[in-house]
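One structure below.
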Ligand SMILES: [Zn+2]
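Numbering (my numbering), first residue to last: 367 to 668.
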């Protein structure tokens, strides 16, 4: 049995697993993400050893997704707003030291987009944009069946398009990026401002208040939804994609977020382009990254 391994390094957790090309997950696991890149490499080495020991089949290729914009030529993360320890770390030689099959390295959100494209909500589409909303906002673009990486590998960073020039400082150094306007921190900040309560809540806690009728909680999501809608309209007018797929933990807020986002996107997009685009929820959840990384390696490694 030919297998492909995928590793998806997230801010708090590392998801990994083994797949067959025919949409079958043979194994999957989750571990906490280390704070330091050197510890991360050590962890990847030990997980790789364990995957091989399982002897579930022949692992033909391995794909990695790391957070941050990835320089294809140097095979390094150039800048990671949410995991700065990895910036300019020489990933390729560090992985080569223990990896004995062909492998690929890429940006984590690109890999999640590839996963949704291969196995998820984006199957067989002409073009799509994936947005994953969590602590940050990751995006990946598929154009005419191919992952769009840009000339140097930095493409698909819609999260750092400015939707509010007077907004908060973003991890990338700019202000009012889509990421900083819709991230978990912003929802909590909106809620503090609206409720007058000095609490630092998670999006889930604020969602629980919204469903109990807390107007400030509802409004905190509506404000973020409106910013998200501006981001969607940029993607719609700029790319005219067949689908925009929305994933990530914050999407659990459902219509509190989605309704204002779609309303805003409709207002700000060309109507033809808006009607042409289907806005849907992602279906692979937090598995999209490792599945995408493994599929990408299956098609591109070696
Ligand atoms: Zn930014």
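Heads up, the beta-carbon is just placed ideally off N, CA and C, and yes, glycines get one too. Values in this document were obtained by computation on a predicted structure and should not be read as measured data.
Cβ of residue i within 8 Å of Cβ of residue j?
| i | j | result |
| --- | --- | --- |
| residue 479 | residue 496 | yes |
| residue 368 | residue 424 | yes |
| residue 401 | residue 466 | no |
| residue 554 | residue 567 | yes |
| residue 377 | residue 433 | yes |
| residue 393 | residue 431 | no |
| residue 597 | residue 529 | yes |
| residue 429 | residue 396 | no |
| residue 612 | residue 647 | yes |
| residue 570 | residue 633 | no |
| residue 602 | residue 639 | yes |
| residue 446 | residue 453 | yes |
| residue 630 | residue 595 | yes |
| residue 472 | residue 435 | no |
| residue 573 | residue 622 | yes |
Would you kindly work out how many angstroms separate the C-alpha atoms of residue i and residue j, rounded to a whole number?
| i | j | result |
| --- | --- | --- |
| residue 494 | residue 475 | 13 Å |
| residue 535 | residue 606 | 29 Å |
| residue 548 | residue 620 | 14 Å |
| residue 664 | residue 583 | 44 Å |
| residue 416 | residue 578 | 46 Å |
| residue 540 | residue 658 | 29 Å |
| residue 531 | residue 585 | 21 Å |
| residue 600 | residue 422 | 44 Å |
| residue 404 | residue 656 | 21 Å |
| residue 518 | residue 444 | 10 Å |
| residue 643 | residue 576 | 29 Å |
| residue 487 | residue 458 | 31 Å |
| residue 653 | residue 501 | 17 Å |
| residue 375 | residue 381 | 7 Å |
| residue 379 | residue 427 | 22 Å |
| residue 412 | residue 440 | 25 Å |
| residue 504 | residue 418 | 30 Å |
| residue 537 | residue 527 | 13 Å |
| residue 671 | residue 561 | Nothing can be reported for residue 671, as the shown portion of the chain is limited to 367 through 668. |
| residue 645 | residue 448 | 27 Å |
| residue 565 | residue 533 | 21 Å |
| residue 438 | residue 667 | 13 Å |
| residue 370 | residue 387 | 8 Å |
| residue 542 | residue 420 | 47 Å |
| residue 414 | residue 581 | 48 Å |
State buried or exposed for residue i, treating a residue as buried only when at least 16 other CB atoms are found within 10 Å of its CB.
| i | result |
| --- | --- |
| residue 464 | exposed |
| residue 661 | buried |
| residue 477 | buried |
| residue 546 | buried |
| residue 635 | buried |
| residue 442 | buried |
| residue 356 | This structure cannot settle anything about residue 356, because the visible part of the chain is limited to 367 through 668. |
| residue 490 | exposed |
| residue 559 | exposed |
| residue 556 | buried |
| residue 609 | buried |
Cβ contact (3+ pairs, closer than 8 Å) linking the region 584 to 594 and the region 615 to 627: yes
Complete runs of the beta strand (DSSP E) confined to the region 447 to 530 [at least 3 residues]: 469 to 473, 493 to 499, 503 to 509
Inter-stretch contact (C-beta, 8 Å, three-pair minimum) for the region 520 to 528 and the region 481 to 489: no
Those runs of the alpha helix (DSSP H) which lie wholly inside the region 370 to 458 and span at least 4 residues: 403 to 419
Any alpha helix (DSSP H) of 4 or more consecutive residues that is wholly inside the region 563 to 606: 569 to 577, 581 to 605
Ordered list of alpha helix (DSSP H) runs contained in the region 525 to 561, each at least 4 residues: 544 to 548, 550 to 561
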